[in-house]
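Comments concern the structure below.
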Amino acid sequence: MEIRIQNVSMTYPNGKQALKDLNLDLQTPSLIGLLGPNGAGKSTLMKLLVAALMPTSGSIQVDGMPLAKTDRLLKAQLGYLPQDFGLFDELTVVQFLDYMVALKGLRDPKTAIQEVIRAVNLEEKAKAKIRTLSGGQRQRVGIAQALLGNPPFLIFDEPTVGLDPEERIHFRNLFSQTAQNRLVLLSTHIIEDVQSVCDQLVVIDHGRILFTGTPAQLIQAAVGHVGVFWEREVTQGQGLHITSRVNTSQGIRCRAVADTLPAYAQPEEPSLEDAYLYLILQEAIQ
Amino acid sequence: MCKIFRYECKRLLWNKFFVGLLLVVLFYGWQVLNSVTILGVSHTAPFSPWSFGDYLSRMSPLLWIGALLFLTFFTSPKARRTAVLIDATQVVPRKYVLTRCAAALVGTGLLTLACLVEAAVFYGWYFGWFDWGTLLFPALVTLVPLLIFALGSGWILGSIKPWLVYSWMLIPFVCMALPLPKTLGIWDGSFFNEYPLTLGTLDPSFTMPVTVIMMQCILLAAGAALLFFHSGKNRGS
Chain A
0 MEIRIQNVSM TYPNGKQALK DLNLDLQTPS LIGLLGPNGA GKSTLMKLLV
50 AALMPTSGSI QVDGMPLAKT DRLLKAQLGY LPQDFGLFDE LTVVQFLDYM
100 VALKGLRDPK TAIQEVIRAV NLEEKAKAKI RTLSGGQRQR VGIAQALLGN
150 PPFLIFDEPT VGLDPEERIH FRNLFSQTAQ NRLVLLSTHI IEDVQSVCDQ
200 LVVIDHGRIL FTGTPAQLIQ AAVGHVGVFW EREVTQGQGL HITSRVNTSQ
250 GIRCRAVADT LPAYAQPEEP SLEDAYLYLI LQEAIQ
Chain B
0 MCKIFRYECK RLLWNKFFVG LLLVVLFYGW QVLNSVTILG VSHTAPFSPW
50 SFGDYLSRMS PLLWIGALLF LTFFTSPKAR RTAVLIDATQ VVPRKYVLTR
100 CAAALVGTGL LTLACLVEAA VFYGWYFGWF DWGTLLFPAL VTLVPLLIFA
150 LGSGWILGSI KPWLVYSWML IPFVCMALPL PKTLGIWDGS FFNEYPLTLG
200 TLDPSFTMPV TVIMMQCILL AAGAALLFFH SGKNRGS
């Protein structure tokens, strides 16, 4: 599957411009992490990709065909977990998934449901009413419905929200396995979620793409811009963006990103989080 | 779509809300039958189509509200949040909406059936009267257009703003308060009380002016058209 986004802009009826002249190519197999601060335009991009919104200008092509004309074809191959979604509280987990199987027109519903229930660790709650589930369990039902029928294109918008750390690790691994022969787009503002599993990153802010490439390339761009220092050494903090402060027996140890590191800062190997913050900082300065 | 229909029926009917609504309808119906219908309207027998029509007119605001309450299962803000998932599937919107509408119709139909069965039990119990076939025409003309119009108009309004469905529930009460033209006499019940008196005979056989029938046909067509129009535009809500 190949999705080509060309010069896409999206302005909402209230005048808010969510995306500006976006260009992006997505190809199977890939697990693409879509990063960006809140309000960057990630969810809008996802809505455009599932044909829930139409772009104000530009085009989206799926395997060479315009999305506007082939949206049903795309939806037949799509698994989508939106950021904000509801479930039918009156139904049990199995019944809800059975309902979604019917909507997706899948054959062999029983096997499809069993597979996804096992994948999201909901065997114990399979026959429980959805209204009795916790927030994390509801999120897992959301992920399960997206995985139904092994669709070749998966979109997850903030999938790990509400999940405990153990579940988050489980799902990261699940997404990674899933992406071996599929196209998976994972939108999040949690760097840890994409750090270990994504082979490609797209960083978006204020509706514009700031970066596309591998995590290693993003980290490479931040080399020389991350440093550590003692807080007492700080003489001038201008241009420094402190990313962590750790209390030690010798004082407070700070880690920061900056366009130009001050003399008192000792350069450090950047993490993906540092690199992301550096990129966002650069954008803010410009 | 059969599976979706079954699940939608289960959502609408297998809950305390439906049981509560059914009990309210049955309680109110029994009150009307025992206090108004038992006396007969416009010098006709309690089991005449006129008295029965009057009973249905008095029940129609509750049935109208019931039909709209079923729609809130599909138009509420909570239901809209589920629509995001449904919109991402390949289901044909018109088929899906009409399936849900069929489930709402089943719910409304069951409430209506409860009213009719209650009246039948009442007539049999008190008067030993079982000639129910004569009541079919007033029942169809009174209730079918009203309820189809409730579903069609309510669904359109609910898809615009969920709270509009609740406001629309007040329409029968507004109709009772306003001086409606005679062609809309079924809506405020005046037709069954006043029209027999104009026929100049005692206990006249049931007839309806063409204008009243036409008005009911227009309502039915409008309700069906609104449903069809809505089903082509929306999917989840």
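For the protein sequence lines, the chains are A and B, in the order given. Residue 182 in numbering that gives the first Met the number 0 sits at position 183 of the first sequence; the count goes up by one each step and never skips. Residue 160 in numbering that gives the first Met the number 0 sits at position 161 of the second sequence; the count goes up by one each step and never skips. Here a beta-carbon is modelled for each residue, glycine too, at the ideal position from N, C-alpha and C. Owing to the predicted nature of the structure, the values given are computational and were not obtained by experimental measurement.
Limits of the unbroken alpha helix (DSSP H) element including residue 186(B):
Numbered from its first residue, the second sequence carries residue 186(B) at position 187. For residue 186(B), the enclosing alpha helix (DSSP H) begins and ends at 184-187.
Residues of chain A with CB under 8 Å from residue 187(B), in chain order?
Translated into positions along the second sequence, residue 187(B) becomes position 188. Residues of chain A with a Cβ closer than 8 Å to the Cβ of residue 187(B) do not exist; the shortest Cβ-Cβ separation is about 36 Å.
Examine chain A for any beta-carbon lying closer than 7 Å to the beta-carbon of residue 37(B), and answer yes or no.
As a first step, residue 37(B) is located in the second sequence; it is residue number 38 there, counting from the start. No, residue 37(B) does not count as interfacial toward chain A.
Are residue 40(A) and residue 153(A) touching if we call contact CB-CB under 7 Å?
On the first sequence, residue 40(A) is found 41 positions in, with the first residue counted as 1. On the first sequence, residue 153(A) is found 154 positions in, with the first residue counted as 1. Pairing residue 40(A) with residue 153(A) gives a Cβ-Cβ distance that is not under 7 Å.
What residues in its chain sit with their C-beta under 8 Å from that of residue 213(A), if we drop five residues either side in the sequence?
Here residue 213(A) is taken as the residue at index 214 of the first sequence, counted from 1. Cβ neighbours of residue 213(A) within its own chain (closer than 8 Å, five residues either side excluded): 198, 199 and 200.
Does the beta carbon of residue 220(A) sit closer than 7 Å to a beta carbon anywhere in chain B?
Start at 1 with the first residue of the first sequence, and residue 220(A) comes out as number 221. So, not an interface residue.
Chain-ordered chain A contacts of residue 86(B) [CB-CB under 8 Å]:
On the second sequence, position 87 is the one that residue 86(B) refers to. Chain A residues near residue 86(B): 49 and 51.
Three-way DSSP call (helix, strand, coil) for residue 220(A) in this model
Translated into positions along the first sequence, residue 220(A) becomes position 221. In this structure, residue 220(A) counts as helix in the three-state DSSP scheme.
Do the CB positions of residue 151(A) and residue 76(A) come within less than 7 Å of each other?
For the purposes of this step, residue 151(A) is taken as the residue at position 152 of the first sequence. For the purposes of this step, residue 76(A) is taken as the residue at position 77 of the first sequence. Yes, they are a contact pair.
May I ask you to report which of helix, strand or coil DSSP gives residue 178(A)?
For this step, residue 178(A) is matched to residue 179 along the first sequence. Of the three classes helix, strand and coil, the one that applies to residue 178(A) here is coil, per DSSP.
Classify residue 155(A) as helix, strand or coil using the three-state DSSP reduction.
On the first sequence, residue 155(A) is found 156 positions in, with the first residue counted as 1. DSSP places residue 155(A) in strand when its eight states are reduced to three.
What runs of the beta strand (DSSP E), each 3 residues or longer, lie entirely inside the region 12-42 of chain B?
Counting whole runs of 3 or more residues, the region 12-42 of chain B contains no beta strand (DSSP E) stretch at all.
Euclidean distance between Cα positions of residue 23(A) and residue 138(A):
Residue 23(A) sits at position 24 when you count from the first residue of the first sequence. Residue 138(A) sits at position 139 when you count from the first residue of the first sequence. Residue 23(A) and residue 138(A) have their alpha carbons spaced roughly 28 Å apart.
So, do the region 204-211 of chain A and the region 25-41 of chain A have three or more beta carbon pairs nearer to each other than 8 Å?
Cβ pair count under 8 Å is three or more, so yes.
With distance defined between alpha-carbon atoms, name the residue in 135(B), 94(B), 96(B) and 98(B) nearest to residue 114(B).
Taking the second sequence and counting its residues from 1, the one referred to as residue 114(B) is at position 115. Among 135(B), 94(B), 96(B) and 98(B), the Cα nearest to that of residue 114(B) belongs to 135(B).
With distance defined between alpha-carbon atoms, name the residue in 127(A), 166(A) and 57(A) nearest to residue 142(A).
In the first sequence, residue 142(A) corresponds to position 143, counting from 1. Closest option to residue 142(A), Cα to Cα, is 166(A).
If we define contact as Cβ-Cβ less than 7 Å, is residue 77(B) a contact residue for chain A?
Mapped onto the second sequence, residue 77(B) falls at position 78. Judged by the 7 Å Cβ criterion, residue 77(B) is in contact with chain A.
Report, in whole angstroms, the separation of the C-beta atoms of residue 232(A) and residue 263(A), which I expect to be a contact under 8 Å.
Against the first sequence, residue 232(A) aligns to sequence position 233. Against the first sequence, residue 263(A) aligns to sequence position 264. Contact holds; Cβ gap of about 4 Å.
Residues in the region 129-145 of chain A with C-beta within 9 Å of chain B's C-beta atoms, listed in sequence order?
Within the region 129-145 of chain A, the residues whose Cβ lies closer than 9 Å to some Cβ of chain B are 141, 144 and 145, listed in chain order.
Could you tell me the alpha carbon to alpha carbon distance between residue 289(A) and residue 140(B), rounded to whole angstroms?
No answer is possible for residue 289(A): it lies beyond the span of chain A, which begins at 0 and ends at 285.
Among 28(B), 8(B) and 225(B), which has the Cα closest to the Cα of residue 121(B)?
Numbered from its first residue, the second sequence carries residue 121(B) at position 122. Distances from the alpha-carbon of residue 121(B) to those of 28(B), 8(B) and 225(B) put 28(B) closest.
So what does DSSP say about residue 235(B), is it helix, strand or coil?
Start at 1 with the first residue of the second sequence, and residue 235(B) comes out as number 236. Note on residue 235(B): pLDDT 48, under 50, position unreliable in the model; no value is reported.
Residue 80(B) beta carbon less than 7 Å from that of residue 210(A):
Taking the first sequence and counting its residues from 1, one reaches residue 210(A) at position 211. Taking the second sequence and counting its residues from 1, one reaches residue 80(B) at position 81. In this structure, residue 80(B) does not lie closer than 7 Å to residue 210(A) by Cβ.
Output yes if chain B places a C-beta closer than 7 Å to the C-beta of residue 162(A); else output no.
For this step, residue 162(A) is matched to residue 163 along the first sequence. Using beta-carbon distances, residue 162(A) does not count as an interface residue toward chain B, since no partner is under 7 Å.
List the endpoints of the continuous beta strand (DSSP E) containing residue 229(A).
Counting from 1 along the first sequence, the entry for residue 229(A) is found at position 230. From DSSP, the beta strand (DSSP E) with residue 229(A) extends over 225-229.
Please list the residues of the region 176-188 of chain A that have a C-beta atom closer than 9 Å to any C-beta atom in chain B, keeping them in chain order.
Along the region 176-188 of chain A, none of the residues has a CB nearer than 9 Å to a CB of chain B.
How many whole angstroms separate the CB atoms of residue 251(A) and residue 272(A), which I take to be in contact at a CB cut-off of 8 Å?
One-based indexing of the first sequence puts residue 251(A) at position 252. One-based indexing of the first sequence puts residue 272(A) at position 273. Contact flag wrong, Cβ pair sits at about 19 Å.
Below 8 Å on C-beta distance, what does residue 2(B) contact in chain A?
Taking the second sequence and counting its residues from 1, one reaches residue 2(B) at position 3. Within 8 Å Cβ-Cβ: 97, 98 and 101.
Helix, strand or coil, according to DSSP, for residue 189(A) in the structure here?
Here residue 189(A) is taken as the residue at index 190 of the first sequence, counted from 1. Three-state DSSP puts residue 189(A) in coil, outside helix and strand.
Please classify residue 42(B): is it buried, with 16 or more other beta-carbons within 10 angstroms of its beta-carbon, or exposed?
Residue 42(B) sits at position 43 when you count from the first residue of the second sequence. That one is exposed.
Alpha carbon of residue 101(A) to alpha carbon of residue 148(A), nearest angstrom:
The residue you call residue 101(A) lines up with position 102 of the first sequence. The residue you call residue 148(A) lines up with position 149 of the first sequence. For residue 101(A) and residue 148(A), the gap between their C-alpha atoms comes out near 11 Å.
Report yes or no: is there a C-beta of chain A within less than 7 Å of the C-beta of residue 90(B)?
Within the second sequence, residue 90(B) is the residue found at index 91, counting from 1. It does; some Cβ of chain A falls within 7 Å.
Inter-residue spacing [alpha-carbon to alpha-carbon] between residue 31(A) and residue 181(A):
On the first sequence, residue 31(A) is found 32 positions in, with the first residue counted as 1. On the first sequence, residue 181(A) is found 182 positions in, with the first residue counted as 1. Straight-line Cα distance between these residues: approximately 11 Å.
Hey, residue 9(A) and residue 54(A) are a contact pair by Cβ (cut 8 Å); roughly how many whole angstroms apart?
In the first sequence, residue 9(A) corresponds to position 10, counting from 1. In the first sequence, residue 54(A) corresponds to position 55, counting from 1. Going by Cβ atoms, the distance from residue 9(A) to residue 54(A) rounds to 5 Å, so yes, they are a contact pair.
For residue 57(A), report the span of its beta strand (DSSP E) as first-last.
Start at 1 with the first residue of the first sequence, and residue 57(A) comes out as number 58. From DSSP, the beta strand (DSSP E) with residue 57(A) extends over 56-61.
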